[in-house]
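Under the UniProt record's numbering, think of the first position of the sequence shown as 1, with each following residue one higher. We put the beta carbon where it would ideally sit given N, CA and C, even for glycine. Since the model is a prediction, treat every value here as computed from it, not as a measurement. Report on the following structure.
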Amino acid sequence: MRIVLLGAPGSGKGTQAKLICDYLKIPHISTGDLFRAQIRDNTPLGIKANEYIQKGDLVPDELTISVVKESFNKEENKGGFLLDGFPRNLHQAKTLQLILAENKQYLDKAYLINVSKDTVLERIAGRRFCSNCGASYHVSFNPSKLKDKCEACGGTLIHRNDDEEHIVLDRLTVYNKSIQPVLNYYKELGILETIEGNADANDIFYDICSSLKAV
Ligand code: AP5
Ligand code: MG
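What follows is the structure, given as structure tokens:
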């Protein structure tokens, strides 16, 4: 199964990706997580990407596509995957289609998690993220039982650097400007499914699972 998850910052892509990938036993490829790993390791790519991420901009396509291609070369991603946060513009969507076609592969579904601006701001304001393993929490909706420590690894929970409200508003503006052509593209391919995202995480997962049964 090859799936893309689309949605605004804080719409719940990472949260749903984890549930779907556990359920379908497919790998989770998040371009945001891949960039954050490079930033943590202080690589040249991480340093470059961080310049854009801190401004709420998209990382240039050339860098982003190179990161995605590299992950497709990994053996564990060859049998299927869920892409979280890629593609974000029409060029990325068409490039993905080409890469897959070269390997006689295709996408099964593109899910859009549709949320309001208020939901985005509430979810991001309360998000905490593990500085060690990247696990995500929310102070009200999904708190860690260990307060400011990660339940999985004991790492310290922190705010993401790009989660300050003024950066989130910029991220939202960028998202709203670039996503519509991607949605039109997947609609024309007949694989776009819009999911109501202003709901409980389990209800959203249930809706996605119901749709997956039809694939
Ligand atoms: P990325 O890390 O992908 O950020 P994003 O798209 O802005 O999305 P987020 O990770 O902030 O939110 P999410 O949708 O995963 O929500 P989550 O599940 O965490 O990208 C970061 C940056 O990297 C981009 O800004 C860009 O610069 C760059 N980048 C990445 N991909 C790129 C690309 N393709 N091209 C160019 N640049 C790229 O949920 C949020 C919070 O809400 C959590 O606390 C969670 O616990 C809570 N929550 C989730 N679901 C629910 C629910 N249903 N009810 C209540 N709470 C919920
Ligand atoms: Mg995410």
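Between the CA atoms of residue j and residue i - distance to the nearest angstrom
{"i": "Tyr-106", "j": "Ile-113", "result": "21 Å"}
{"i": "Thr-194", "j": "Asn-176", "result": "16 Å"}
{"i": "Ile-29", "j": "Pro-9", "result": "16 Å"}
{"i": "Asp-61", "j": "Leu-96", "result": "11 Å"}
{"i": "Asn-77", "j": "Ile-26", "result": "8 Å"}
{"i": "Tyr-185", "j": "Arg-40", "result": "34 Å"}
Buried/exposed call for residue i, threshold 16 Cβ in 10 Å
{"i": "Asn-161", "result": "exposed"}
{"i": "Gln-92", "result": "buried"}
{"i": "Ser-11", "result": "buried"}
{"i": "Gln-16", "result": "buried"}
{"i": "Val-68", "result": "buried"}
{"i": "Lys-13", "result": "buried"}
{"i": "Gln-180", "result": "exposed"}
Residue closest to residue i, alpha-carbon to alpha-carbon, out of the options
{"i": "His-159", "options": "Leu-6, Gly-79 and Gly-126", "result": "Gly-126"}
{"i": "Met-1", "options": "Asp-108, Lys-18, Phe-205 and Asn-184", "result": "Asp-108"}
{"i": "Thr-31", "options": "Ser-211, Lys-145, Leu-83 and Glu-188", "result": "Leu-83"}
{"i": "Gly-155", "options": "Pro-143, Ile-53, Asn-132 and Cys-209", "result": "Asn-132"}
Assigned secondary structure, residue i (DSSP; H/G/I helix, E/B strand, else coil)
{"i": "Leu-58", "result": "coil"}
{"i": "Tyr-175", "result": "helix"}
{"i": "Asn-114", "result": "strand"}
{"i": "Arg-36", "result": "helix"}
{"i": "His-28", "result": "strand"}
{"i": "Arg-160", "result": "coil"}
{"i": "Arg-123", "result": "helix"}
{"i": "Lys-48", "result": "helix"}
The alpha helix (DSSP H) enclosing residue i, as first and last residue numbers
{"i": "Ala-135", "result": "Where Ala-135 is concerned, there is no enclosing alpha helix (DSSP H), given that its DSSP letter is neither H nor E."}
{"i": "Gly-7", "result": "Segment 2 to 7 is the beta strand (DSSP E) holding Gly-7; no alpha helix (DSSP H) there."}
{"i": "Gln-97", "result": "90 to 102"}
Cβ of residue i within 7 Å of any chain B Cβ
{"i": "Met-1", "result": "Included in the structure is just one protein chain, with no chain B present."}
For residue i, the first and last residue of its enclosing beta strand (DSSP E)
{"i": "Thr-194", "result": "192 to 196"}
{"i": "Leu-146", "result": "Run containing Leu-146: none; DSSP gives neither H nor E here."}
{"i": "Asp-84", "result": "81 to 84"}
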